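Residue numbers (the numbering used here): 1154 to 1458.
Even for Gly, the Cβ is constructed at its ideal location relative to N, Cα and C.
These numbers were taken from a predicted model, which means no experiment stands behind them.
Take a look at the structure set out below.
Given below as structure tokens:
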């Protein structure tokens, strides 16, 4: 199996895992404060990441890697989980999931800025069309839903796209699981401290579904999913593999309907199918022209992770 194909398969597994994040968050915030949920999931995942790094005797990141790791922490450890948790107090999980269709475009843009990738012009047509479908849906639905929730989701998507691109660039020299583990460990003291300050006043009010959802977003959404996702982005290309996120709304909408009994109307389905079709076209033109592609860091660290 060549590295590009391996990257796409790894990225697809990451998308499958991430698809359960918003429905699980929706369940959790019914009983758990969004701020505590954010810091608790990062603390749990950070402790697990520290155990992995120590147990496998990984070297500390170089000084030049500290700022990129801080950007990863800001984007995917703090920003996206907190903003989506706050948004889900205003909108349904099914509504918020459609915004994930904006993530491929955000990831691709940051991949060009931070990862120095150069997709072909036709790639941007398909990626931009998918984003327009999502934005149009949000514009129509936002007034009847919640403008506050929509704005929070847009901010979450931007921070997440930045964290994805930065982490994928780092994964080329550090390895996929090492990047998310170090990002979690870097924010661990801050997260643990906030966890203690935001402890719930009553644990009895938190039901079993909320605890199970916390476990899912801590173990799978914050750690295991990123192991596959960063590996996929690093091997297959940030802009190209990032388009797999267009599949996430499809899986997420299905989970919302099954787990939360939320209404999934034909407009949501139509938008989701539209953005899924866009990934097919974007994939075809995602591979950059070798003549325009700058030299990048080797991927040996990723293939060993």
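Expressed to the nearest angstrom, what Euclidean distance is found between the alpha-carbon atoms of residue 1346 and residue 1211?
-> Roughly 25 Å between the two C-alpha positions.
Where residue 1366 and residue 1359 are concerned, what is the direct C-alpha to C-alpha distance, given to the nearest angstrom?
-> About 11 Å.
Do three or more CB pairs link the region 1302-1321 to the region 1391-1400 at distances below 8 Å?
-> At 8 Å Cβ cutoff, the stretches touch.
So what does DSSP say about residue 1342, is it helix, strand or coil?
-> Helix.
Under the three-state DSSP convention, the category residue 1384 falls into = Residue 1384 carries a helical assignment under DSSP once its states are collapsed to helix, strand and coil.
Examine the Cβ distances between the region 1196-1212 and the region 1334-1342 and report whether three or more of them are shorter than 8 Å.
-> With the cut-off at 8 Å, the region 1196-1212 and the region 1334-1342 touch.
What three-state label does DSSP hand residue 1398 in the structure shown?
-> If DSSP states are grouped into helix, strand and coil, residue 1398 belongs with the helices.
Chain C beta carbons: is any one of them nearer than 8 Å to that of residue 1388?
-> Here there is only one protein chain, and chain C is not present.
Are the region 1252-1267 and the region 1398-1407 in contact at 8 Å, needing three or more beta carbon pairs?
-> Cβ pair count under 8 Å is three or more, so yes.
Alpha carbon to alpha carbon, how far is residue 1418 from residue 1296? Give it in angstroms, no decimals.
-> Confidence at residue 1296 is low in this model, with a pLDDT of 48, below 50, so its placement is unreliable and the value that follows should be read with caution. The straight-line gap from Cα to Cα measures roughly 17 Å.
Assigned secondary structure, residue 1356 (DSSP; H/G/I helix, E/B strand, else coil) = Note: residue 1356 maps to coil in three-state DSSP.
Return the chain-ordered list of same chain residues with a C-beta closer than 6 Å to the C-beta of residue 1284, the five sequence neighbours on each side being excluded.
-> When the five nearest sequence neighbours on each side are left out, the beta carbons in the same chain lying within less than 6 Å of the beta carbon of residue 1284 are those of 1255, 1258, in order along the chain.
So is residue 1178 buried or exposed if we call it buried at 16+ other beta carbons inside 10 Å?
-> It counts as buried.
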